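**Q** Here it is: the structure, laid out below.
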Ligand SMILES: *[C@@H]1O[C@H](CO)[C@@H](O)[C@H](O)[C@H]1NC(C)=O
Ligand SMILES: [Ca+2]
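In mature numbering (1 follows the signal peptide of the UniProt record, and there is no 0), the protein residues as written are -19 to -1, 1 to 291.
Put into structure tokens, the structure is as follows:
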């Protein structure tokens, strides 16, 4: 009977100690049974001589082959693998996107004259340039001519203007002159997001447009360099310098993502790199990061989770 009780007490002790900490289980089970012995022994000493030591107890069953530990190890292994993959993903993502600054501007309203994004750093003189961005819109009115970007200098409020005219013509103007309209008729605009790269070159005497990485057309033109120090605005058309003379029928509604300007003509393969792999040549002149812009009206910005590609 005593042995059974003893076993029972030990079992409770084992259960408690083991539940608390499986690592110290075995060690503490020994100390549990010792203290049980001492207590019962000292109780008997006061009344009579101690009885003979009982027979050695049965050897305990072999402990469980460490299943909880193994589970824990497996969990840790999984966690390490997960973190390793995450680090790997992050570094490839960074390699891919470090040179394309990720920023999107949302112009939530139709036909108003307050919502725009204004560039606040110095705009340099640009004898030639490539202007690129992703654009998406839900503008329903066929009567509007939304300006994607407008750059004004004193005397030339359309020193550089990119807008989408009626009939879905992509219009590029410099020095207050419309250089060329490029039809977007075969693209899904405005029902699907498109990527455009408009370019002009005074030394080469050319203007042109890429849509989704494909050359839409070029035209030979005579023009001057786009002069520096003016006012650059996205989402409205300036008819006066300093973000003045907006017209509600020329407001852009939708999203403009990763707008950038390079001070040269990008090659077709560089443009394809932007569109397909989010690789942006590093020698850009203008980038619309938050430290360089003002958001006006109801314009919101967001940082896309992934760099957009086709
Ligand atoms: C602009 O982007 C936001 C966020 O991704 C999206 O919810 C919204 O539909 C986009 N707007 C347009 C016009 O595509
Ligand atoms: Ca204008």
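We put the CB at the ideal spot given by N, CA and C, even for glycine.
Every value quoted in this text rests on a predicted model; they were computed, and no experiment measured them.
Using alpha carbons as the reference points, say which of 275, 240, 208 and 57 lies closest to residue 179.
**A** The residue given as residue 179 occupies position 198 in the chain shown. Among 275, 240, 208 and 57, the Cα nearest to that of residue 179 is on 240.
**Q** Assuming contact is defined by CB atoms lying nearer than 7 Å, are residue 97 and residue 207 in contact in what I supplied?
**A** Sequence index remark: in the chain shown, residue 97 carries index 116 (1-based). Sequence index remark: in the chain shown, residue 207 carries index 226 (1-based). Cβ atoms of residue 97 and residue 207: not closer than 7 Å.
**Q** What residues come near ligand 1, if near means a beta carbon less than 6 Å from any of its heavy atoms?
**A** Those satisfying the condition are, in chain order, 87, 117, 118, 119, 235 and 236.
**Q** Mapping DSSP to helix, strand and coil, what is residue 231?
**A** To locate residue 231, count along the chain shown from 1; it is residue 250. Three-state DSSP puts residue 231 in a helix.
**Q** Helix, strand or coil: how does DSSP classify residue 19 here?
**A** In the chain shown, the residue the question calls residue 19 occupies position 38. Residue confidence for residue 19 is low, a pLDDT of 41 falling below 50, so the modelled location carries little weight and cannot support an answer.
**Q** Evaluate contact between the stretch 161 to 174 and the stretch 78 to 96, counting only Cβ atoms and requiring at least three cross-stretch pairs below 8 Å.
**A** The stretch 161 to 174, when compared against the stretch 78 to 96, does not touch it at the 8 Å Cβ threshold.
**Q** What three-state label does DSSP hand residue 213 in the structure shown?
**A** Taking the chain shown and counting its residues from 1, one reaches residue 213 at position 232. Residue 213: strand per DSSP, three-state reduction.
**Q** Mind listing, in chain order, the continuous beta strand (DSSP E) runs of no fewer than 3 residues lying wholly within the stretch 102 to 187?
**A** List check, beta strand (DSSP E) in window: 109 to 117, 128 to 134, 137 to 146, 150 to 155, 158 to 164 and 175 to 182.
**Q** Can you tell which of 245, 114 and 135 has its C-alpha closest to the C-alpha of residue 144?
**A** On the chain shown, position 163 is the one that residue 144 refers to. Ranking the options by Cα distance to residue 144, first place goes to 114.
**Q** Please report the residue range of the beta strand (DSSP E) in which residue 99 lies.
**A** The residue labelled residue 99 in the question sits at position 118 within the chain shown. Here the beta strand (DSSP E) through residue 99 covers 97 to 100.
**Q** Measuring CA to CA, which of 204, 193 and 194 is closest to residue 187?
**A** In the chain shown, residue 187 corresponds to position 206, counting from 1. Ranking 204, 193 and 194 by Cα distance to residue 187 puts 204 first.
**Q** Between which two residues does the beta strand (DSSP E) carrying residue 85 extend?
**A** On the chain shown, position 104 is the one that residue 85 refers to. Here the beta strand (DSSP E) through residue 85 covers 85 to 88.
**Q** Less than 6 Å separating the Cβ of residue 212 from some heavy atom of ligand 2?
**A** Position 231 of the chain shown, counted from the first residue, corresponds to residue 212. Not so, every heavy atom of ligand 2 lies at least 6 Å from the Cβ.
**Q** Mind checking who residue 241 pairs with in its DSSP beta bridge?
**A** Position 260 of the chain shown holds residue 241. DSSP output for residue 241 lists 113 and 268 as bridge partner(s).
**Q** I'd like the span of the beta strand (DSSP E) that includes residue 197, first residue to last.
**A** Taking the chain shown and counting its residues from 1, the one referred to as residue 197 is at position 216. Note, residue 197: beta strand (DSSP E), 195 to 201.
**Q** Can you give the beta carbon distance from residue 128 to residue 217, rounded, assuming they're within the 8 Å contact cut?
**A** The residue labelled residue 128 in the question sits at position 147 within the chain shown. The residue labelled residue 217 in the question sits at position 236 within the chain shown. Right, their Cβ atoms sit about 6 Å apart.
**Q** Could you tell me if residue 154 is buried or exposed, where buried requires 16 or more neighbouring beta carbons within 10 angstroms of its beta carbon?
**A** Within the chain shown, residue 154 is the residue found at index 173, counting from 1. Residue 154 is buried by the Cβ-count criterion.
**Q** Please say whether residue 61 and residue 230 have beta carbons closer to each other than 7 Å?
**A** Position 249 of the chain shown holds residue 230. Position 80 of the chain shown holds residue 61. Going by C-beta atoms, residue 230 is not nearer than 7 Å to residue 61.
**Q** Could you name the residues that DSSP lists as bridge partners for residue 207?
**A** As a first step, residue 207 is located in the chain shown; it is residue number 226 there, counting from the start. Paired residues: 107.
**Q** Check whether the Cβ of residue 239 lies closer than 6 Å to any heavy atom of ligand 2, and answer yes or no.
**A** As a first step, residue 239 is located in the chain shown; it is residue number 258 there, counting from the start. No, ligand 2 has no heavy atom inside 6 Å of this Cβ.
**Q** In whole angstroms, what separates the C-alpha of residue 133 from that of residue 221?
**A** For the purposes of this step, residue 133 is taken as residue 152 along the chain shown, with counting starting at 1. For the purposes of this step, residue 221 is taken as residue 240 along the chain shown, with counting starting at 1. Roughly 7 Å between the two C-alpha positions.
**Q** Apply the 10 Å Cβ neighbour rule to residue 23 and answer buried if 16 or more other Cβ atoms are within range, or exposed otherwise.
**A** What you label residue 23 is simply residue 42 of the chain shown in a count that begins at 1. Residue placement at residue 23 cannot be trusted, given a pLDDT of 44 that sits under 50; what the coordinates show is reported in the next sentence. Exposed, because fewer than 16 other Cβ atoms sit within 10 Å of the Cβ of residue 23.
**Q** Below 8 Å CB to CB, which residues in the same chain sit around residue 202 once its five sequence neighbours on both sides are set aside?
**A** Along the chain shown, read from residue 1 onward, the residue named residue 202 stands at position 221. Closer than 8 Å at Cβ, skipping near neighbours: 160, 161, 181, 186, 187 and 188.
**Q** Tell me whether residue 236 sits in a helix, a strand or coil according to DSSP, three-state version.
**A** Looking up residue 236 in the chain shown gives position 255. Strand at residue 236.
**Q** Here's the rule: buried if 16 or more other CB atoms are within 10 angstroms of the residue's CB, otherwise exposed. What is residue 103?
**A** The residue you call residue 103 lines up with position 122 of the chain shown. Looking at its Cβ environment, which holds fewer than 16 other Cβ atoms inside 10 Å, residue 103 is exposed.
**Q** Thinking residue 193 and residue 256 are a contact (beta carbons under 8 Å), I'd like their distance in whole angstroms, please.
**A** Locating residue 193 in the chain shown gives position 212, where the first residue counts as 1. Locating residue 256 in the chain shown gives position 275, where the first residue counts as 1. 6 Å between Cβ atoms; contact.
**Q** Does DSSP put residue 278 in a helix, a strand or coil?
**A** The count along the chain shown starts at 1 and reaches residue 278 at position 297. Coil at residue 278, not helix or strand.
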